[in-house]
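In the numbering used here, the protein residues as written are -16 to 418.
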């Protein structure tokens, strides 16, 4: 890779002569950083890495390990800026580089790491003590400085593992510097809709590494760990619950903060990861999007991306769908997502929502009416049988009476048919006529 960029043995020899930050090495380092930026992905560094650094082997035979990749972990105790070009920073890429002095966790000795990027929170030119790491190319061994020769490495970035919740989960918190979080758009003085930069509020290529590192980090947390941390945070704040207002109104102050919200999830959908590199590096083939509506969100959703779901929680959306959830998660950015409606010019309409990343949720399913106990079912069955028996007995008694009545009727003698003396009646009628 470096040879293709014109960096051969002669250039590497220049780096090996004394301090790589000397003016004669500036152009070479710029070219190397550019090639790393253009051609090297984090997954490449992980594949190329020889693992944790063995300082003794490195100092015994530095030529054998030149430009090999090592995984460095330790504490950065100082950071200083080293110019690589006489031109201004705005006129050339990689006009300067950061020189980080690191005490290794695995050894009492120190190394120097020349990095293109360091976390914005680090103080430059002062003594610091920051847990850090890097995937770095070995350059050379610097002249002895008190404790002996110090190996010098080149890296695109320094990873940062502060004692925050995310840092304790093993995430490089410095990656949040790459995620743009803009303040909420403000309406124009004339009351018209604000001008919104929708592009920066979508998930961009610069968000990718941070997004998946955070999703992997929360996935490695113990079950219930985020819930416990959220309760600790509430106790420290002296509050009983988290408000969603800062997530909407002051997102630039919320990045990386842990909150726990309770509401109704009106949309729960799986998201399939199609990038093979993501699947291979992070082991994430699928995650879940939850659109949560809380009592104080004014019918605006808070979107959670979760590593997993509670067992039995249904997926779905649309009218009538809703599941009560409590979800802890870390604020990532304000996200713009598409909604079904379209604007007048036919373009898809977008809406802003806080985007958070968490491991899972607590599900509060609506309880069905409690079932009867076995004893209650037995008693009910007996009562039902008794009622049916009484009804059958009454019906049987009526039927029995009907049959007895029919038998009595059949036993009665037939009524004699009266013989009418038609002649008498006739003669009587005549006498009446004569009278």
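For each residue, glycine too, the CB sits at the ideal point set by N, CA and C.
query, result
"What residues match up with residue 280 in a beta bridge as DSSP calls it?", "In the DSSP output, where bridge partners are listed per residue, residue 280 has none listed."
"With 16 other CB atoms within 10 Å as the buried threshold, where does residue 317 fall?", "buried"
"Quick one: which unbroken alpha helix (DSSP H) runs of 4-plus residues sit fully inside the stretch 29 to 102? Chain order, please.", "38 to 43, 45 to 48"
"Please report how far the alpha carbon of residue 208 lies from the alpha carbon of residue 22, in whole angstroms.", "38 Å"
"At the level of alpha carbons, what is the spacing between residue 149 and residue 212?", "11 Å"
"From which residue to which residue does the beta strand (DSSP E) around residue 164 run?", "Unbroken run through residue 164: none, as it is neither H nor E."
"Could you pull out every unbroken beta strand (DSSP E) segment of at least 3 residues lying fully inside the stretch 261 to 346, listed in chain order?", "269 to 276, 285 to 289, 306 to 325, 331 to 341"
"Using the beta-carbon count (16 or more within 10 Å), is residue 378 buried or exposed?", "exposed"
"Taking the Cβ atom as the reference point for each residue, do residue 241 and residue 269 lie within a distance shorter than 8 Å?", "no"
"Could you please give the first and the last residue of the uninterrupted alpha helix (DSSP H) stretch that includes residue 201?", "188 to 202"
"Check residue 123 in the structure and name its three-state DSSP category.", "strand"
"Out of 313, 167, 86, state which residue places its alpha-carbon closest to the alpha-carbon of residue 233.", "167"
"Decide if the stretch 105 to 121 is in contact with the stretch 44 to 62; the criterion is three or more beta carbon pairs, one per stretch, under 8 Å apart.", "yes"
"Tell me whether residue 181 is buried or exposed, calling it buried when 16 or more other Cβ atoms sit within 10 Å of its Cβ.", "exposed"
"What do you get for residue 261, buried or exposed, if any count of 16 or more other CB atoms within 10 angstroms of its CB means buried?", "buried"
"Please go through the same chain and pick out, in chain order, the residues whose beta-carbon is closer than 8 Å to the beta-carbon of residue 24, but skip the five residues on each side of it.", "260"
"For residue 307 versus residue 247, is the C-beta spacing smaller than 8 Å?", "yes"
"What three-state label does DSSP hand residue 215 in the structure shown?", "helix"
"Determine the direct distance from the alpha carbon of residue 123 to that of residue 195, and round the result to whole angstroms.", "33 Å"
"For residue 342, collect the residues of the same chain with a Cβ closer than 7 Å to its Cβ; drop the 5 residues on either side in sequence, then sort them by chain order.", "201, 202, 204, 209, 289, 290, 291"
"To which residues of the same chain is residue 164 closer than 7 Å at the C-beta, ignoring the five residues directly before and after it?", "234, 235, 238, 316, 317"
"If we count the other Cβ atoms within 10 Å of its Cβ and call it buried at 16 or more, is residue -2 buried or exposed?", "buried"
"If you draw a straight line from the C-alpha of residue 30 to the C-alpha of residue 231, how long is it?", "40 Å"
"Give the range of the beta strand (DSSP E) segment to which residue 420 is assigned.", "A question about residue 420 goes unanswered here, because the residues of the chain that appear run from -16 up to 418."
"DSSP beta-bridge partners for residue 138?", "98"
"Residue 105: which of 64, 120, 126, 89 sits nearest, CA to CA?", "64"
"If you drop the 5 nearest sequence neighbours on each side, which residues of the same chain put their C-beta closer than 6 Å to that of residue -5?", "none"
"Which of the three DSSP states is assigned to residue 105 in this structure?", "coil"
"Thinking just about the alpha-carbon of each residue, which of 50, 373, 43 is nearest to the one in residue 137?", "50"
"Express the C-alpha separation of residue 375 and residue 368 in angstroms, rounding to a whole number.", "10 Å"
"Between the Cα of residue 309 and those of 348, 19, 319, 336, spot the shortest distance and give me the residue it belongs to.", "348"
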